[in-house]
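Peer 1: To convert a position in the sequence shown, counted from 1, into my numbering, add 1137.
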Amino acid sequence: MTERTLIPLRYSAFVACILVSLITLALSTLSLWWLAIALPAFAFSLLGTWDLLQPRRTVSRNYPVLAHFRYFFESIGPEIRQYFIFSDTEGRPFSREQRRIVYQRAKNTLDKRPFGSLLDMDNPGYEWINHSLTPVDHADTDFRITIGSRCAQPYSASIFNISAMSFGSLSANAIRALNHGAARGGFYHDTGEGSISRYHLEGGGDLVWEIGSGYFGCRDEQGYFDEDLFVENATRDAVKMIEVKLSQGAKPGHGGILPGAKVTGEIAEARGVPPGEDVVSPPSHSAFSTPIELLEFLDRLRELSGGKPVGFKLAIGHPWEWFSIVKAMLETGRHPDFIVVDGGEGGTGAAPLEFINRLGMPLLDALLLVHNTLVGTNLRDVIAVGSAGKITSGFHLAKTLALGADWCNAGRGYMFALGCIQALSCHTGRCPSGVATQDPRRGDKLDVPLKSERVYHYHRNTVQALGNLIGAAGLRDTSELGPDHIIQQTSQTEFRTYRDLYPFLEPGALLNGDTGYELFDHYWEEASAREFGVPSSVIRFSRNPVR
1138 MTERTLIPLR
1148 YSAFVACILV
1158 SLITLALSTL
1168 SLWWLAIALP
1178 AFAFSLLGTW
1188 DLLQPRRTVS
1198 RNYPVLAHFR
1208 YFFESIGPEI
1218 RQYFIFSDTE
1228 GRPFSREQRR
1238 IVYQRAKNTL
1248 DKRPFGSLLD
1258 MDNPGYEWIN
1268 HSLTPVDHAD
1278 TDFRITIGSR
1288 CAQPYSASIF
1298 NISAMSFGSL
1308 SANAIRALNH
1318 GAARGGFYHD
1328 TGEGSISRYH
1338 LEGGGDLVWE
1348 IGSGYFGCRD
1358 EQGYFDEDLF
1368 VENATRDAVK
1378 MIEVKLSQGA
1388 KPGHGGILPG
1398 AKVTGEIAEA
1408 RGVPPGEDVV
1418 SPPSHSAFST
1428 PIELLEFLDR
1438 LRELSGGKPV
1448 GFKLAIGHPW
1458 EWFSIVKAML
1468 ETGRHPDFIV
1478 VDGGEGGTGA
1488 APLEFINRLG
1498 MPLLDALLLV
1508 HNTLVGTNLR
1518 DVIAVGSAGK
1528 ITSGFHLAKT
1538 LALGADWCNA
1548 GRGYMFALGC
1558 IQALSCHTGR
1568 CPSGVATQDP
1578 RRGDKLDVPL
1588 KSERVYHYHR
1598 NTVQALGNLI
1608 GAAGLRDTSE
1618 LGPDHIIQQT
1628 SQTEFRTYRD
1638 LYPFLEPGAL
1648 LNGDTGYELF
1658 DHYWEEASAR
1668 EFGVPSSVIR
1678 FSRNPVR
């Protein structure tokens, strides 16, 4: 039987605080200097008393005073691991080495490394690009891709741009700095679904206007799409393309509510909503509900915008729904000018843990599926494909382009260029670097001229690093990159090229019914251009086969 003491040992810190406060209060009659010890000890005594009386935290009741030290060290656990425990190549979502290369390139300082690689090149998963004995010297690394060649106003996009991040999730000064940097560097700035704010227009940078299910910037009082408001924004000179967001990697299939307390006058102005009222972004669009209606909507937006390129962004979920969209393209002859593929790994948007970790197809697989489907249906040459994911370096660009993307976007990479330290507090409003916050006391500390320079330098130096890589590989342009150029270590004694590791369809293979790709064999034939329906084979194996 456990022996019980009058005062459990776990109360020792609480009891010690009481004794110290009593003793030092008595000694303060001799010298007031003792109050410097007495007052903190008395405060901790009161805290311990509260711990014993409160019912919500059992740990605090069992360990008065001591529990707060546990809570404190738990709260700074990510910082302790990030700064003192993780090596340069460890850490999530981005390692110290990944962040450091962004910081150095953004500051335009030396980004060289001494004494060899820190990576374990013998471990499975290690990747590299082979060099050539006939390298190419790239004096000009301003690689560009023409989007919407059939449009009245096609757009020449940089190979590396700023991904969708709304004013509201980022501070006003962060948006300003990104846009000024984009203007100087000649690359585009995606507005995010929060629409075009006054800060997006200050720097003169090219904008891609993203339209989500809330139709911010082009919605009526009931939240439905408004053509007149769309024309007003879409015909701005700064807007170069329109991107309809079907889903995003951070929280695919998830709507959201922006509480009225966060709907400031500036956010309300940008989004076209009443200030101080809750704003709902539904999970799905109200302007269309079928694949064919989606394509008709895109065509209408292209017409209303005066012939600017129009496309959509999506994170791949059910493959048959993606196949339905492609089948609608084949059936109607309509198609978007571009598609941006977002990975399910998450992004700058805060989301529930299950959505970040377990929902949506990872970028590599999603990009391959989109690329292969378009190649297999002979649509790849008429639709440009962008990719948004965890891209921070020239090699990240190279491997993504080799898998089928025409250009890449990054969100968190550009946040690092602004000074983000990966504090993982984006959703709290207490961002220490003033990037992801609406608190003016924090956001106003971000120096726009300085940070816009860093955004510009980061883009320039990263694209230059890409040019150096493909030049060393003997390639003249990024369009020459393919799956044979990227190699992955598959075991300690074997390696494979991406072409050996992943399936790549021949042109028209899907139309001919000869893919050898299990995913297509399962779902392509049953996908319908008329609806985003569930294939009968999927229903047959569900727990409720009657629908």
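We put the beta carbon where it would ideally sit given N, CA and C, even for glycine.
Since this is a predicted model, take the numbers as computed values, not measurements.
Looking only at DSSP bridge pairs, what is SER1283 linked to?
Peer 2: This sequence places Thr at residue 1283; Ser is not what is there. DSSP lists SER1293 as the beta-bridge partner residues of THR1283.
Peer 1: At a cut-off of 7 Å, is THR1627 close to the ligand COA when judged by its beta-carbon and the heavy atoms of the ligand?
Peer 2: The model depicted lacks the ligand COA and carries no ligand whatsoever.
Peer 1: Within the continuous beta strand (DSSP E) that includes ASN1546, where are the two ends?
Peer 2: 1544-1547
Peer 1: Would PRO1446 pass as a contact of GLY1262 if the rule is Cβ separation under 8 Å?
Peer 2: no
Peer 1: Less than 8 Å separating the beta-carbons of GLY1421 and SER1332?
Peer 2: Before going on, a small fix: residue 1421 reads as Ser here, not Gly. No; because the gap between Cβ atoms is not below 8 Å, this pair is not in contact.
Peer 1: Only counting runs of 4 or more residues, tell me where the alpha helix (DSSP H) segments fall wholly within the region 1550-1582, in order along the chain.
Peer 2: 1577-1580
Peer 1: Under a Cβ-count criterion, where at least 16 other Cβ atoms within 10 Å of its own Cβ denotes burial, should SER1168 be classed as buried or exposed?
Peer 2: exposed
Peer 1: Is ARG1356 helix, strand or coil by DSSP?
Peer 2: ARG1356 falls in the strand class under three-state DSSP.
Peer 1: Are ILE1299 and ALA1314 close, meaning C-beta to C-beta below 8 Å?
Peer 2: no
Peer 1: Whose CA, out of ARG1517, GLY1523, VAL1417 and TRP1171, lies closest to the CA of ASN1546?
Peer 2: GLY1523
Peer 1: Is GLY1341 buried or exposed, if buried means 16 or more other CB atoms sit within 10 Å of its CB?
Peer 2: exposed
Peer 1: Threshold first: 3 residues or longer. Then list the beta strand (DSSP E) segments lying entirely within the region 1359-1428, N to C.
Peer 2: 1376-1382, 1393-1395 and 1416-1418
Peer 1: Under 8 Å, with one C-beta from each stretch per pair, do the region 1565-1584 and the region 1497-1505 reach the 3-pair mark?
Peer 2: no
Peer 1: Going straight from the alpha carbon of SER1674 to that of LYS1244, what length do you get?
Peer 2: 55 Å
Peer 1: Using a Cβ distance threshold of 8 Å, determine whether the region 1576-1587 contacts the region 1513-1532, with at least three qualifying pairs required.
Peer 2: no
Peer 1: Taking the straight line between their C-alpha atoms, what separation do you get for GLY1443 and VAL1572?
Peer 2: 34 Å
Peer 1: Distance check for TRP1171 and SER1182, CA to CA, integer angstroms please.
Peer 2: Spanning the alpha carbons of SER1182 and TRP1171 requires a straight line of approximately 16 Å.
Peer 1: When the Cα atoms are used, what is the spatial distance from LEU1451 to THR1574?
Peer 2: 26 Å
Peer 1: Relative to the alpha-carbon of ASP1614, which residue among HIS1326, HIS1659 and LEU1534 has its alpha-carbon at the smallest distance?
Peer 2: LEU1534
Peer 1: Where do the ends of the alpha helix (DSSP H) carrying ILE1155 lie?
Peer 2: 1149-1164
Peer 1: Give the C-beta separation of GLU1347 and GLU1358 to the nearest angstrom, bearing in mind that I take them to be a contact with Cβ-Cβ under 8 Å.
Peer 2: In fact, because the Cβ distance is near 22 Å, the residues do not count as touching under 8 Å.
Peer 1: Kindly identify the DSSP beta-bridge partner or partners of ASP1327.
Peer 2: Answer is VAL1345.
Peer 1: I want to know whether the region 1623-1643 touches the region 1264-1279 - three or more CB-CB distances under 8 Å.
Peer 2: yes
Peer 1: Output yes or no for whether 8 Å exceeds the beta carbon distance between VAL1463 and GLU1380.
Peer 2: no
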